[in-house]
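Each remark here refers to the structure printed beneath this line.
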Amino acid sequence: MVDATGQKKDADFKAFITKTIENQDAIIQEVLGKLQRFLGTRLNATPPSTFKRLTPNEANDRSDRGLCYYCDDKFAPRHKCRTPCLFMIEASYEDDEVLDEESQKALEDIASDLHQ
0 MVDATGQKKD ADFKAFITKT IENQDAIIQE VLGKLQRFLG TRLNATPPST FKRLTPNEAN
60 DRSDRGLCYY CDDKFAPRHK CRTPCLFMIE ASYEDDEVLD EESQKALEDI ASDLHQ
């Protein structure tokens, strides 16, 4: 490959590629070392996650007393727990009971209202 000045660029390109390949292992090792140090400090800095499962009776009791499900403070519409947390509410049914027609109709009405 010859440029407008008549010099060979092919030799320069091959020298660049060779130098890059020779330095590749050192670059990879440096990046991996930095990544391991970063992940090590990040993993050690975060406390382990814990799960708090409430039984339906506990949830009903806390709701009746007006308490937050997670902390012991009174619950209000804009309540924020002192410790940040993520909640998952999972419905569980003790048995597969058949709903009477009135209950079934009420559920269908609620579902149709949600989809509108």
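Its first residue numbered 0, the sequence shown is counted upward by one per residue in numbering that gives the first Met the number 0. Ideal placement from N, C-alpha and C gives every residue a C-beta, glycine not left out.
A straight-line Cα-Cα distance of about 48 Å links leucine 53 and glutamine 28. Distance from the CA atom of tyrosine 68 to the CA atom of alanine 90, rounded to whole angstroms, is 15 Å. Per DSSP, the continuous alpha helix (DSSP H) segment holding aspartate 60 begins and ends at 55-63. Under the three-state reduction of DSSP output, leucine 38 falls in the helix class. Linking phenylalanine 74 to arginine 61 through their CA atoms gives a straight-line distance of about 10 Å.
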